[in-house]
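Each remark here refers to the structure printed beneath this line.
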Amino acid sequence: MKLPRFYLLLTVFFLVTGGAQVNVKKTTAATLQTDDLGSATNQELAMARAATAKYHDVATAIADGYVNVNDYESGEGFHFVKFPLIDSTFSPDEPEVLLYAHVPNEDRLELIAVEYAIPLPLSVDAPEGFTGNADPWRRNEEIGVWECTAWVWLHNTNGMFAHTNPRVP
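Per my numbering, residue 1 is the first one in the sequence shown, and the count goes up by one each step.
Quick look at the structure:
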């Protein structure tokens, strides 16, 4: 009978792996899904990744003027803001905010996303951001900015431009 042998193999597998979920796929910029975005948007996202790749080392971000504002939000992570960039212009390669999350079982932060911010008084309507209509800008009355998140370093099942990511506790 082949069926009991299958269960035996399955039992051995769970004993060997400890019943842990096996997930060997690590998301990198090369494996990120782009939500079927247009080529112009994908080029702009590539610009954002290229400009922020050096900030995987949070010390480099701090040296370049990003400040930890001690704001951790579930689904978003830690916010590091570069205040001189907060103006009326959108530039894919100059995000005003970098989002970081703790790496499990390690004493370090990992760059997961970028966020763009434009002060509400400088733009009555949602700003023009990435090419196309896939990037929803949120009106954040609490801090007085329009904001748009791009998950360029951590895959988000809710989409590239979703406000929060279920993978960030």
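Just so it is clear, CB atoms sit at the ideal spot from N, CA and C, and this is done for glycine as well.
Which partner residues of residue i appear in the DSSP bridge assignment?
i: R138; result: E147
i: E115; result: V97 and T149
i: L109; result: H102
Would you kindly report the start and end of the unbroken alpha helix (DSSP H) that includes residue i?
i: L120; result: Segment: none, L120 is in no alpha helix (DSSP H) and carries neither H nor E.
i: L45; result: S39 to T52
i: A61; result: V58 to A63
Would you mind reading off the limits of the beta strand (DSSP E) that contains residue i?
i: N68; result: V67 to E73
i: G77; result: G77 to V81
i: Y100; result: V97 to H102
With burial defined as no fewer than 16 other Cβ atoms inside 10 Å of the residue's Cβ, what is the status of residue i: buried or exposed?
i: T80; result: Sequence check: residue 80 is Phe here, not Thr. Under this definition F80 is a buried residue.
i: P95; result: buried
i: A117; result: buried
i: V168; result: buried
i: L109; result: buried
i: I143; result: exposed
i: E139; result: Residue 139 is actually Arg in this sequence, not Glu. Exposed is the call here.
i: E141; result: exposed
i: Q150; result: The amino acid occupying residue 150 in the given sequence is Ala; Gln does not appear at that position. Its Cβ being crowded by 16 or more others within 10 Å, A150 is buried.
i: T28; result: Any reading at T28 is ruled out, since the residue's pLDDT is 42, under 50, leaving its predicted position unreliable.
i: V152; result: buried
i: T31; result: Since pLDDT at T31 reaches only 42, below the 50 mark, its modelled position is unreliable, and the value read off the structure follows with that caveat. The residue is exposed, with fewer than 16 neighbouring Cβ atoms inside 10 Å.
Residue i and residue j look like a contact to me (Cβ under 8 Å); what is the Cβ gap, rounded to whole Å?
i: T41; j: T131; result: 5 Å
i: E128; j: F90; result: 7 Å
i: F83; j: N68; result: About 12 Å separates the two Cβ atoms, so there is no contact after all.
i: I211; j: L154; result: A query on residue 211 cannot be resolved here, the shown segment of the chain reaching from 1 to 169 and no further.
i: E73; j: V97; result: At roughly 11 Å, the Cβ-Cβ gap does not stay under 8 Å, so E73 and V97 are not in contact.
i: A134; j: D93; result: Between D93 and A134 the Cβ distance is about 18 Å, and since that is not below 8 Å, they are no contact.
i: I86; j: P119; result: 6 Å
i: T164; j: E76; result: 6 Å
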